[in-house]
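Chains V and X supply the protein sequences, listed in that same order. Using our numbering, the first residue of the first sequence is number 1, and each one after it goes up by one. Using our numbering, the first residue of the second sequence is number 1001, and each one after it goes up by one.
There are 2 protein chains.
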Amino acid sequence: MKKYSKQREIILESLQNRKDHPTAESLYIDLKRQMPELGIATVYRNLTELCEQGIVKKIKAKVGPDRYDGNIKPHIHFECKNCGEIIDIYLKEEQEHKISNIKKQVSEAEEIQCDSSEIYLTGLCQKCKTQVTG
Amino acid sequence: MKKYSKQREIILESLQNRKDHPTAESLYIDLKRQMPELGIATVYRNLTELCEQGIVKKIKAKVGPDRYDGNIKPHIHFECKNCGEIIDIYLKEEQEHKISNIKKQVSEAEEIQCDSSEIYLTGLCQKCKTQVTG
DNA sequence: ATTATAATGATAATCATTATCAAAGAGGTA
DNA sequence: TACCTCTTTGATAATGATTATCATTATAAT
């Protein structure tokens, strides 16, 4: 039987309140301020658990360790190859619809059961675009 | 100045001939048969180099270490959550077109410069679908 | 052939993550 | 409340993947 833990609670809460996509370590450092006895293993354990429950999503960035996202509303990620920031992008309903259509077509054509899709974009974010370009 | 090396040649060649998406280690083990003096660091070094040149692509799988793909023709990846296999899926021209359209729209709306996109599907492959379901 | 420098292989070092395990906490039940 | 069982925790060792170091070898230009 799954039991309550204060640690799991604050990890989820923090992740849902943050607007960025922290690594396990940065979450750990942050939470240690309000719970100094917290251990890094507990953070990893709970992040894994929350991912399995589908409350949290793991992001495999191109650069650096895995990141975690407490926002599970459908959206895609853009990673800036210059500053490394990952920004959330919400597709319009019509765009979302096109994607799920393609997913359906592919599932049929390949005879697979596709239950999730992820779209990663890479390039230069607004800031870095102007900085790098001139 | 960049210099030729036999090692880099066989790494690229092997990757382009293989139809799977090997990890650095499995590539190393395989190539060691034809070149026993090959070192694992050389494999990592050259894979990184080839990725930077854009001749090879790195795949961050949900499970396990990074994989490499010698096929750079536009395609997307499907990872089976049961057997872990990664299969290539080629979108139809019209599907590809819809995606690049969305990419363009997003780039404008977000004021970013998006130069690459990756679509990642997850679920059950043909084999595992029938195995698990029935 | 000589020389400059890039690439290699062995291996140490690092980084991220997972495993282990004794102690503490949660959630029953008597 | 006291007790029991099982889960979770924190500390830390262990592991796995990748990168750094460095002496040696190979490449390519002169």
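In this text, a Cβ means the ideal position worked out from N, Cα and C, and glycines have one as well.
Taking residue i as part of the alpha helix (DSSP H), name the residues at either end of that continuous run.
i, result
"Ile-1029 (chain X)", "1024 to 1032"
"Lys-1006 (chain X)", "1006 to 1017"
"His-1097 (chain X)", "1093 to 1110"
"Glu-1037 (chain X)", "Unbroken run through Glu-1037 (chain X): none, as it is neither H nor E."
Which value, in whole angstroms, describes the spacing of the CA atoms of residue i and residue j?
i, j, result
"Ala-1109 (chain X)", "Ser-100 (chain V)", "21 Å"
"Asn-1046 (chain X)", "Asp-1030 (chain X)", "15 Å"
"Leu-1124 (chain X)", "Asn-1082 (chain X)", "6 Å"
"Lys-19 (chain V)", "Glu-85 (chain V)", "12 Å"
"Cys-1106 (chain X)", "Glu-118 (chain V)", "Note that residue 1106 (chain X) is Val in the sequence shown, not Cys. Rounded to whole angstroms, Val-1106 (chain X) to Glu-118 (chain V) spans 15 Å at the Cα level."
"Gln-53 (chain V)", "Asp-66 (chain V)", "18 Å"
"Tyr-90 (chain V)", "Lys-1104 (chain X)", "14 Å"
"Leu-1038 (chain X)", "Ser-1014 (chain X)", "14 Å"
"Glu-9 (chain V)", "Lys-1127 (chain X)", "39 Å"
"Thr-1023 (chain X)", "Lys-1073 (chain X)", "19 Å"
"Cys-98 (chain V)", "Asp-1088 (chain X)", "For clarity, residue 98 (chain V) is Lys in the given sequence; the question names Cys instead. Whole-angstrom Cα-Cα distance: 20 Å."
"Ser-154 (chain V)", "Thr-48 (chain V)", "Here chain V covers residues 1 to 134 and nothing more, so residue 154 (chain V) does not appear."
Can you list, in chain order, the residues of its chain with a C-beta nearer than 7 Å to that of residue i? Leave out the 5 residues immediately preceding and following it.
i, result
"Thr-42 (chain V)", "Gln-7"
"Ala-61 (chain V)", "Arg-67, Glu-79, Ile-86"
"Lys-92 (chain V)", "none"
If the criterion is Cβ atoms closer than 8 Å, does the pair residue i and residue j meet it?
i, j, result
"Ile-102 (chain V)", "Gln-1034 (chain X)", "no"
"Val-56 (chain V)", "Tyr-68 (chain V)", "yes"
"Ile-1112 (chain X)", "Phe-78 (chain V)", "yes"
"Tyr-4 (chain V)", "Tyr-1120 (chain X)", "no"
"Asp-115 (chain V)", "Thr-1130 (chain X)", "no"
"Gly-70 (chain V)", "Gln-16 (chain V)", "yes"
Considering residue i, what are the terminal residues of the beta strand (DSSP E) in which it resides?
i, result
"Thr-1125 (chain X)", "Note that residue 1125 (chain X) corresponds to Cys in the displayed sequence, not to Thr. Looking at the DSSP string, Cys-1125 (chain X) is not in any beta strand (DSSP E), and its letter there is neither H nor E."
"Tyr-1068 (chain X)", "1067 to 1069"
"Glu-79 (chain V)", "76 to 80"
"Ile-1086 (chain X)", "1086 to 1089"
"Ile-1059 (chain X)", "1057 to 1059"
So, at 6 Å on beta carbons, what are the nonlocal neighbours of residue i in its own chain, with the 5 sequence-adjacent residues on each side left out?
i, result
"Ile-1040 (chain X)", "Tyr-1028"
"Lys-2 (chain V)", "none"
"His-21 (chain V)", "Ile-59, Arg-67, Asp-69, Ile-86"
"Lys-1032 (chain X)", "Leu-1038"
"Pro-1036 (chain X)", "none"
Can you list, in chain order, the residues of its chain whose CB lies under 8 Å from that of residue i, leaving out five sequence neighbours each side?
i, result
"Cys-51 (chain V)", "Lys-57, Lys-58, Tyr-68"
"Leu-1012 (chain X)", "Asn-1046, Leu-1050, Ile-1055, Val-1056, Gly-1070"
Output, in sequence order along the chain, the residues in the segment 1094 to 1119 of chain X whose CB is closer than 8 Å to any CB in chain V. Hits within the stretch, in order: Gln-1095, Lys-1098, Ile-1099, Ile-1102, Lys-1103, Gln-1105, Val-1106, Ser-1107, Glu-1110, Glu-1111, Ile-1112, Gln-1113, Cys-1114, Asp-1115, Ser-1116, Ser-1117, Glu-1118, Ile-1119.
Give me the subset of the segment 77 to 89 of chain V whose CB atoms are less than 9 Å from a CB atom of chain X, sorted by chain position. From the segment 77 to 89 of chain V, only Phe-78, Cys-80, Lys-81, Ile-87, Ile-89 have a Cβ closer than 9 Å to chain X.
Of all the residues that make up the segment 1037 to 1060 of chain X, which are near chain V by a beta-carbon distance shorter than 9 Å? Listed by position along the chain: Lys-1058, Lys-1060.
Output needed in chain order: residues of the segment 1008 to 1024 of chain X with a Cβ under 9 Å from some Cβ in chain V. For the segment 1008 to 1024 of chain X, the set of residues with a beta-carbon nearer than 9 Å to any beta-carbon of chain V is empty.
Between the segment 1121 to 1133 of chain X and chain V, which residues of the former have CB atoms less than 7 Å from a CB of the latter, in chain order? Taking 7 Å as the Cβ-Cβ cut-off against chain V, the residues of the segment 1121 to 1133 of chain X that qualify are Leu-1121, Thr-1122, Gly-1123, Leu-1124, Cys-1125, Gln-1126, Lys-1129.
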